[in-house]
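Visitor: Let me give you the structure first, and then I'll get to my questions.
Numbering (UniProt numbering), first residue to last: 1 to 193.
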């Protein structure tokens with residue numbers, strides 16, 4: 001059993017100037033989106049999503065990761081994340097099912113040489129809606145400079161019976177980051193880890 005993928009869409013964003021000031025180096029963010037038929041659409045409530053998760057998630061993880069690292073080499077990745085959206089008649093759980101499994105996430109995490117969980121967002125949305133893909137540092141989650149969002153939009157997805165899933169990565173944090181981090185706050189507030 002394999003996912004019925006309608007298409008892949010890729011995004012590349014390069015930021016040279018932020019806040020009116022040139023960055024020391026451009027920050028590149030990349031997103032890879034898969035739009036597939038919702039395998040649970042038009043069915044009565046399915047009690048166990050596991051069989052399709054186990055069949056689809058590794059295939060999607062491998063192909064999407066391959067496409068992402070072709071655009072942003074793994075050794076350059078500093079931040080990463082994922083998101084899912086289902087069409088208006090789908091359950092949010094259907095999109096979540098495909099990305100919230102180690103069978104999907106570990107493929108991307110290992111390729112990026114990351115140790116932290118992949119930040120995420122899940123939603124139900126109409127085709128063409130703006131989606132936000134949150135990212136955090138791949139190994140130090142308290143690093144606020146790497147709290148990033150890549151906004152994605154696919155004009156014709158997700159359709160009613162589709163799932164849109166996306167992964168994203170960045171080769172740096174926000175240019176000119178200057179709000180500190182969780183660890184500095186904890187030290188200043190006398191909070192032990």
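Where is the CB? At the ideal position from N, CA and C, for every residue including glycine. These numbers come from a predicted model, not from an experiment.
Under 7 Å between C-beta atoms, does residue 21 make it to chain C?
Guide: Absent from the structure: chain C. Only one protein chain is present.
Visitor: Roughly how many angstroms lie between the CA atoms of residue 41 and residue 87, to the nearest whole one?
Guide: Roughly 10 Å between the two C-alpha positions.
Visitor: DSSP three-state call for residue 65: helix, strand or coil?
Guide: Looking at residue 65 - three-state DSSP - the assignment turns out to be helix.
Visitor: In or out: residue 38 buried (at least 16 other Cβ within 10 Å) or exposed?
Guide: Under this definition residue 38 is a buried residue.
Visitor: Which ranges would you report for the beta strand (DSSP E) in the stretch 96 to 127 if only whole runs of at least 3 residues count?
Guide: 119 to 124, all fully within the stretch 96 to 127.
Visitor: Could you tell me the distance, in whole angstroms, from the CA atom of residue 9 to the CA atom of residue 191?
Guide: About 44 Å.
Visitor: Which residues bound the beta strand (DSSP E) around residue 24?
Guide: Per DSSP, residue 24 belongs to the beta strand (DSSP E) from 21 to 37.
Visitor: From what residue to what residue does the alpha helix (DSSP H) around residue 189 run?
Guide: Run containing residue 189: 182 to 189, per the alpha helix (DSSP H) assignment.
Visitor: Can you name the residues that DSSP bridges to residue 80?
Guide: 136 and 169.
Visitor: Which residue marks the beginning of the beta strand (DSSP E) containing residue 11, and which one marks its end?
Guide: 5 to 18 is the extent of the beta strand (DSSP E) around residue 11.
Visitor: For the putative contact between residue 162 and residue 6, defined by C-beta atoms under 8 Å, what is the C-beta separation to the nearest angstrom?
Guide: Confirmed, about 7 Å.
Visitor: Looking at the unbroken beta strand (DSSP E) that takes in residue 152, where does it start and where does it end?
Guide: Where residue 152 is concerned, the enclosing beta strand (DSSP E) stretches over 148 to 152.
Visitor: Please report the distance separating the alpha-carbon of residue 126 from that of residue 133.
Guide: Each residue's alpha carbon lies about 16 Å from the other.
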